[in-house]
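Chemist: Numbering (our numbering), first residue to last: 756 to 1393.
Below: one structure in C-alpha cells.
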Ligand code: GLC
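Now the structure itself:
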C-alpha cells in the first residue's frame, strides 16, 4: 500500500509537472504570438503597400503573412532569444571587436563538421564572423563556385547536411561567432526543380523564369544590357533547342534568371530565405542583388523594383527573425551602392561591401599615388555613420577596376590605358612590379579585363619566395601587413580572406581541373595550407610574421575607442602623394594612421610636437617627426 501510495504521489507530481509545463508552454506560446503580432503590426501596412504595388495580389500577400508566422513558430527558442537580445542591443554587428573571415568549407576543413572542429583555430585568428562560401546543392561542373543552386534546402552531400549546418551555427553561437551564408536570389541552377519542369514546357514553371521563343526579344535586351562574363559566358540569353525557346541567363548559361514579376517566385524565395535563417544563420549575403529585376530597354541593374524587394525582405526578416543581418552584394560604383542602405525610416541592407575602396586600394599599390584613395575615402567618410561597410582586400571574386576615372583622367590617367597599366602591373609585367596573378574575363573587343590573385601574391610574397629573395620577401611581408592595417583603420567590419592570415599565395592547380580551368578566379580559391599554418609558431617565418602582426592589429583595434564605429574619421592633406594619412577621433583620443604607399623610405612630420603612443609597441614619446619605411605604416595615438 505504502509503495502504491508513494507511486501515486509520484504520479500526481509528474502530472502536476506536466500540467504546469502545459500552462508554461501555453504561456510561452502566448508570449511568442504577442511578440510576432507586435513585429507584424509594426511593418504590416508598409509591407502590404509595397507588395500590392508590385503584385496587386492580396491572396498571395495573405499567404506570405501565414507563412511568416509558420517560420516564426518553427524558429528555435534559442534563436528567438538571440533575436530579442539583438533587437534590444540594436546594431550588434558594428562592434570594433568584429573580425570576419570568408572561406570555402571544403578548402578550409573538408566539410561542415570539419569547420566545427576548426573553430578553435578561428578563435585564435580572433574571427567572430564566418562567411561560408556557397554550400547548397549545386551540379558538379556547372556550379559557378556554388552560385548555381539546385536546391535551397539541401547542403551539397560532400559537405554534410542541414543538421550539420544548424549544429555548427549552435556551436558558433556558444563561442560568440556569427555565421554568414549566401542567398543566391537572382537565379537558380538549370537543375533546380523549377527549371527542370520549365524545360519540360510546364507553363507554370516557365513563368518563373524569362522565356521567349521570338529571337528579337533577346536581341532587344542585348542592346542595353551589359555582359557580366563577356569571355567565359557571352550574352544574356541561352537558347534551349529542345524547347525552341530562349531563357535569360545573365551569368552562366546554366544559371537561369528568376522572374520576380511573378509573386510565386518572390514568395517561395522568401520562404527559402526564412528556412535558411532558421538554420541559425546570422548574416545573409544577398548575392548579385542589383540584377534581380529586369525591364526591356534598361540595363537591368539597380531598378527601383530591386529596392522594393530588398525593403520587403528587410521587413520580413524583422518580423520573423530580427536577429539577422542583410549584407548586400553590390559590386558597383559608390552612387549605386549607398542606396541599398535605404533610408533611416526605411532601411534596406544592414551592410554592404566597400568595393570601390578595395579596388582603389590596389590602384594605389600600383601607382604609389594616394590621391584617388583619399577622394574615395572622403566619400565614404562623409556618409552617415550608421552605414556599415565590409572592408576587404581580397575575396573569392576578381578585382574589377571600377575606379573613378573622371578623377584619374584629371591627373592624366585615362581609363583604357590605365586599366591596362594596372593589369600589366599586377601580372608582374611592369618593371619593378613584384605582383603575380592572372587576368579574368579579358574582353577581346574592348581589351577590358579584371584581375585575380591572392593578397600575398599581389604583395610580392609569391615572387620573392620563388626567387629566394630575402630582401624582397621582407618588403612584401611589410606591404601585406600594412594593407591589412589600412583595412583595420577603416570604419566598418574587416573581412579576411581565409589563407591571407598566413600569406597564402596563388594556387595554379585549378588549371588541371577542366571544370575550373576557364575561370581564373580559382587561382585564389585554393586549399587552405594547414602545413604552412604550423609555421605560425616558427619565429621569423613569413606565416608567423603575418599571423602575429594581424593578431596585434586586431587586439589594438578591439581595445582602442578610436576604432569605434561612431568615431570621427577623415583623411589629412599631406604634401607627399604616396603618404595616406587617416585621423580617427573618439572619446578625446586621436589616432594618426599613416601609410607609406611607396618603394621609398620616408620621414613624416607630425601635425604638432607632442606625445604620441605607438599603438603597436605601446611606447609613448614626444614626436616631431617619424621615420616610415617603404610600404610600412604607423598607428600613433595622441
Ligand atoms: C556574385 C558572386 C560571384 C558569382 C555571381 C553569380 O557576384 O560573388 O562569385 O559568380 O554572383 O551568382
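By construction, the Cβ of each residue, glycine as well, lies at the ideal position given by its N, Cα and C atoms.
On the three-state DSSP scale, how would you describe residue 1048?
Modeler: Position 293 of the chain shown, counted from the start, is the residue given in the question as residue 1048. Assignment of residue 1048 by DSSP, reduced to helix, strand and coil, places it in the coil class.
Chemist: Could you tell me the distance, in whole angstroms, from the CA atom of residue 1316 to the CA atom of residue 1342?
Modeler: One-based indexing of the chain shown puts residue 1316 at position 561. One-based indexing of the chain shown puts residue 1342 at position 587. Going from the Cα of residue 1316 to the Cα of residue 1342 covers about 7 angstroms.
Chemist: Determine the contact status of residue 1133 and residue 1325, defining contact as a CB-CB distance below 9 angstroms.
Modeler: Along the chain shown, one-based indexing puts residue 1133 at 378. Along the chain shown, one-based indexing puts residue 1325 at 570. Contact flag set, yes.
Chemist: To the nearest angstrom, how far is the alpha carbon of residue 941 from that of residue 1390?
Modeler: Working through the chain shown from its first residue, we reach residue 941 at position 186. Working through the chain shown from its first residue, we reach residue 1390 at position 635. Rounded to the nearest angstrom, the two C-alpha atoms are 42 angstroms apart.
Chemist: So what does residue 1010 bridge to, in DSSP terms?
Modeler: Taking the first residue of the chain shown as position 1, residue 1010 is located at position 255. Paired residue(s): 944.
Chemist: Is residue 1171 near ligand 1, going by C-beta to nearest heavy atom under 8 angstroms?
Modeler: As a first step, residue 1171 must be located in the chain shown, where it is residue number 416. No.
Chemist: What's the call for residue 1051, buried or exposed, on a 16-neighbour Cβ count within 10 Å?
Modeler: Translated into positions along the chain shown, residue 1051 becomes position 296. Looking at its Cβ environment, which holds fewer than 16 other Cβ atoms inside 10 Å, residue 1051 is exposed.
Chemist: With distances taken between CB atoms, is the gap from residue 1140 to residue 1246 smaller than 9 angstroms?
Modeler: Position 385 of the chain shown, counted from the first residue, corresponds to residue 1140. Position 491 of the chain shown, counted from the first residue, corresponds to residue 1246. Yes; because the gap between Cβ atoms is below 9 angstroms, this pair is in contact.
Chemist: Assess contact between the stretch 1375-1386 and the stretch 1346-1360, defined as three or more Cβ pairs (one per stretch) separated by less than 8 angstroms. Is contact present?
Modeler: yes
Chemist: Using DSSP's beta-bridge definition, name the partner residues of residue 855.
Modeler: In the chain shown, counting from the first residue as 1, residue 855 sits at position 100. Residue 855 pairs with 884 and 1250.
Chemist: Which same chain residues, not among the five before or five after residue 1057, have their C-beta less than 6 angstroms away from its C-beta?
Modeler: Mapped onto the chain shown, residue 1057 falls at position 302. So the qualifying residues of the chain are 1045 and 1091.
Chemist: Does the separation of the CB atoms of residue 919 and residue 866 fall below 9 angstroms?
Modeler: Counting from 1 along the chain shown, the entry for residue 919 is found at position 164. Counting from 1 along the chain shown, the entry for residue 866 is found at position 111. Contact: yes.
Chemist: Would you check whether ligand 1 has a heavy atom nearer than 8 angstroms to the C-beta of residue 1151?
Modeler: Locating residue 1151 in the chain shown gives position 396, where the first residue counts as 1. Yes, the Cβ of residue 1151 comes within 8 angstroms of a heavy atom of ligand 1.
Chemist: Determine contact between the stretch 843-859 and the stretch 905-918, defined as no fewer than three beta-carbon pairs at a distance below 8 angstroms.
Modeler: no
Chemist: Whole angstroms is fine: what's the gap from residue 1270's alpha carbon to residue 1119's?
Modeler: As a position in the chain shown, residue 1270 is number 515, starting the count at 1. As a position in the chain shown, residue 1119 is number 364, starting the count at 1. Whole-angstrom Cα-Cα distance: 34 angstroms.
Chemist: Pull up the distance between the alpha-carbon of residue 979 and that of residue 1088, whole angstroms please.
Modeler: One-based indexing of the chain shown puts residue 979 at position 224. One-based indexing of the chain shown puts residue 1088 at position 333. If you take the alpha carbons of residue 979 and residue 1088, they lie about 19 angstroms apart.
Chemist: Nearest-angstrom Cα distance between residue 1015 and residue 779?
Modeler: Counting from one through the chain shown, the residue named residue 1015 turns up at place 260. Counting from one through the chain shown, the residue named residue 779 turns up at place 24. So the two alpha carbons sit approximately 43 angstroms from each other.
Chemist: Assign residue 1079 to one of three DSSP states: helix, strand, or coil.
Modeler: Residue mapping note: residue 1079 aligns to position 324 of the chain shown, counting from 1. If DSSP states are grouped into helix, strand and coil, residue 1079 belongs with coil.
Chemist: Give a single yes or no on whether residue 1279 has its beta carbon closer than 8 angstroms to a heavy atom of ligand 1.
Modeler: Within the chain shown, numbered from 1, the residue matching residue 1279 stands at position 524. For ligand 1, not one heavy atom lies less than 8 angstroms from the Cβ of residue 1279.
Chemist: Considering only heavy atoms of ligand 1, does any lie closer than 8 angstroms to the CB of residue 821?
Modeler: Here residue 821 is taken as the residue at index 66 of the chain shown, counted from 1. No, since every heavy atom of ligand 1 falls outside the 8 angstroms radius drawn around the Cβ of residue 821.
Chemist: CA-CA distance, residue 1018 and residue 1143?
Modeler: In the chain shown, residue 1018 corresponds to position 263, counting from 1. In the chain shown, residue 1143 corresponds to position 388, counting from 1. Their Cα atoms are separated by approximately 31 angstroms.
Chemist: Less than 9 angstroms separating the beta-carbons of residue 1214 and residue 1195?
Modeler: The sequence position of residue 1214 within the chain shown is 459, counting from 1. The sequence position of residue 1195 within the chain shown is 440, counting from 1. Not in contact: residue 1214 and residue 1195 (Cβ atoms no closer than 9 angstroms).
Chemist: CB-CB under 7 angstroms to residue 1263, same chain, minus the five flanking residues each way: which ones, in chain order?
Modeler: Counting from 1 along the chain shown, the entry for residue 1263 is found at position 508. Excluding the 5 residues flanking it on each side, residue 1263 has same chain C-beta neighbours closer than 7 angstroms at 1278, in chain order.
Chemist: Which runs of the beta strand (DSSP E) spanning at least 3 residues fall entirely within the stretch 942-997, listed in chain order?
Modeler: 942-944 and 992-995
Chemist: For residue 1161 and residue 1167, what's the separation of their Cα atoms in angstroms?
Modeler: Numbered from 1 along the chain shown, position 406 holds the residue referred to as residue 1161. Numbered from 1 along the chain shown, position 412 holds the residue referred to as residue 1167. Cα atoms of residue 1161 and residue 1167: separation of roughly 10 angstroms, rounded to the nearest angstrom.
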